[in-house]
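Residue numbers (our numbering): 26 to 479.
For every residue, glycine included, the Cβ atom is placed at its ideal position computed from N, Cα and C.
Source: prediction; values computed, not measured.
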Ligand SMILES: [Zn+2]
């Protein structure tokens, strides 16, 4: 018996020695040599680096030597910029597959996974979080959770939890706190790591959701705009991940409504006018409003994060970059002109001024699309963040490390560091030299494999 164990041990030692030998002989999955590596922690570019990748992970980073160049599977970056890949923290599947299509046949899951992936990876986005979706798509989402280098890494959230039976397809109704607990436990059992709540949730239910998510080590995000619950209250209850910078303005408007302040200058809040009303709300409140500033202070105190989603407001009024050719979806064709369009553009400036204030105050910003053509949108969002005054080296961090941190996934994604997944972008032209180079040709590496369309 003892002898058997001995020989087993010798075999294991031999095997590990052999694999070690194989490894040191340079048989890496991929080696990128002569790279200008963007370090998101220091915000600096480190030239002449070699990245050694094994089993989809970054194993070693060192100065490029002449031997690295001769290694098998080495690609020469020729000093081009290598950055971590980007993350979309705010996707809804209806933007990809439509509002009515129901994908429930397992035979279709792979095709839909490919369709979703092709919306992202060519643009450098390799990780996506759902910000609420239909429960009938849960089996499909579960099948996508088995990671595969050919597809994006997808993190579902289930339906956005609401205390009001809205019947909206991306919402999941929870009648009381017991319901909240069982729903979150159900998602957890399915392997979900994220929960989403919508503003139509009651205080007790939100409190329970935050507590339950925390107990199960799940991240919780909220689209809160003072409908059933205020941002202030949600902060007090411990919510830290907020969605859409515009919600801060809407929170103040709601506060004015409660105080019976005269809002007759604003367009009516109905189906026809609600979009224009939002831009006018930005104008009405203004980025220097004291209530907004105190919300920023609150975010600072609570180390909260927020997803700006600026493209959502820039694109329909012609303020998003057109070089990456994002189609104007029917519902975004607002057909505003003259004074109305100019008022909307002015309103957008107030929104961007608020985002700059959030940035200036050290609030963690992350990147989310929340619309059609999400991969292209992430790049547009990054350009908008840059245009409002955030330097491109910080913008790159927002779309990578900050977003990974918000997803509680920075152990795996967000920076080029030993032990993290090899999710990388090799830019033909550096966005640090010219922001528009974000749209330039790029080689995207996912799990250590150069991604190609299948
Ligand atoms: Zn959304």
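How big is the Cα-Cα spacing for residue 511 and residue 268?
Outside the shown range of the chain (26 to 479) lies residue 511, about which nothing can therefore be said.
Backbone CA spacing between residue 332 and residue 92 [nearest angstrom]:
If you number the chain shown from 1, residue 332 lands on position 307. If you number the chain shown from 1, residue 92 lands on position 67. Distance between the alpha carbons of residue 332 and residue 92 is about 44 Å.
What's the call for residue 289, buried or exposed, on a 16-neighbour Cβ count within 10 Å?
Along the chain shown, one-based indexing puts residue 289 at 264. In this structure residue 289 is exposed. Its beta-carbon is surrounded by fewer than 16 other beta-carbon atoms within 10 angstroms.
Contact test: residue 156 Cβ vs ligand 1 heavy atom, cutoff 8 Å
Residue numbering aside, residue 156 sits at position 131 when the chain shown is read from its first letter. Yes, the Cβ of residue 156 comes within 8 Å of a heavy atom of ligand 1.
Could you have a look at residue 162 and say whether DSSP puts it in helix, strand or coil?
Translated into the one-based positions of the chain shown, residue 162 becomes position 137. Here residue 162 sits in helix by DSSP.
Closest by CA to residue 488, which one among 110, 95, 146 and 230?
No answer is possible for residue 488: the residues shown for the chain start at 26 and end at 479.
Let me know the secondary structure DSSP gives residue 92 once reduced to three states.
Working through the chain shown from its first residue, we reach residue 92 at position 67. Reduced to three states, the DSSP call for residue 92 is helix.
In terms of alpha-carbon separation, which member of 286, 284, 170 and 138 lies closest to residue 121?
Numbered from its first residue, the chain shown carries residue 121 at position 96. Cα-wise, what sits closest to residue 121 is 138.
Helix, strand or coil for residue 219? Go by DSSP, reduced to three states.
Here the question's residue 219 lines up with position 194 in the chain shown. Strand at residue 219.
Taking all protein chains shown into account, do 16 or more other C-beta atoms lie within 10 angstroms of the C-beta of residue 47, making it buried, or fewer, making it exposed?
Walking along the chain shown from the start, residue 47 turns up at place 22. Interpretation of residue 47 is limited by its pLDDT of 42, a score under 50 that renders its predicted location unreliable; the figure taken from the coordinates is listed afterwards. Around the beta-carbon of residue 47, fewer than 16 other beta-carbon atoms lie within 10 Å, marking it exposed.
Here's the rule: buried if 16 or more other CB atoms are within 10 angstroms of the residue's CB, otherwise exposed. What is residue 159?
Within the chain shown, residue 159 is the residue found at index 134, counting from 1. Buried.
Please give me, in chain order, every unbroken run of the alpha helix (DSSP H) with length at least 4 that falls completely inside the region 115-161.
Fully enclosed alpha helix (DSSP H) runs of 4 or longer: 119-122 and 134-143.
Mind pulling the alpha helix (DSSP H) runs of 4 or more residues that sit fully within the region 342-376?
Listed in chain order, the alpha helix (DSSP H) runs fully inside the region 342-376 amount to none, counting runs of at least 4 residues.
DSSP-derived helix/strand/coil call for residue 37
Within the chain shown, residue 37 is the residue found at index 12, counting from 1. Confidence at residue 37 is low in this model, with a pLDDT of 45, below 50, so its placement is unreliable and no value can be given for it.
Drop a sphere of 10 angstroms on the beta-carbon of residue 226, count the other beta-carbons inside from all chains shown, and report buried for 16 or more, exposed for fewer.
For this step, residue 226 is matched to residue 201 along the chain shown. With 16 or more Cβ atoms within 10 Å of its Cβ, residue 226 is classed as buried.
Bridge partners for residue 247 per DSSP, in chain order?
Taking the chain shown and counting its residues from 1, one reaches residue 247 at position 222. Per DSSP, 222 and 267.
Straight-line gap, residue 468 to residue 328 (C-alpha atoms, nearest Å):
For this step, residue 468 is matched to residue 443 along the chain shown. For this step, residue 328 is matched to residue 303 along the chain shown. Looking at the two C-alpha atoms, the distance is approximately 35 Å.
Could you please give me the residues that DSSP links to residue 76 through a beta bridge?
Sequence index remark: in the chain shown, residue 76 carries index 51 (1-based). Under DSSP, residue 76 forms a beta bridge with 57 and 86.
Can you find at least 3 beta carbon pairs, one from the region 306-314 and one from the region 339-349, that sit closer than 8 Å?
At 8 Å Cβ cutoff, the stretches do not touch.
With DSSP as the reference, label residue 438 as helix, strand or coil.
The sequence position of residue 438 within the chain shown is 413, counting from 1. Looking at residue 438 - three-state DSSP - the assignment turns out to be coil, as it is neither helix nor strand.
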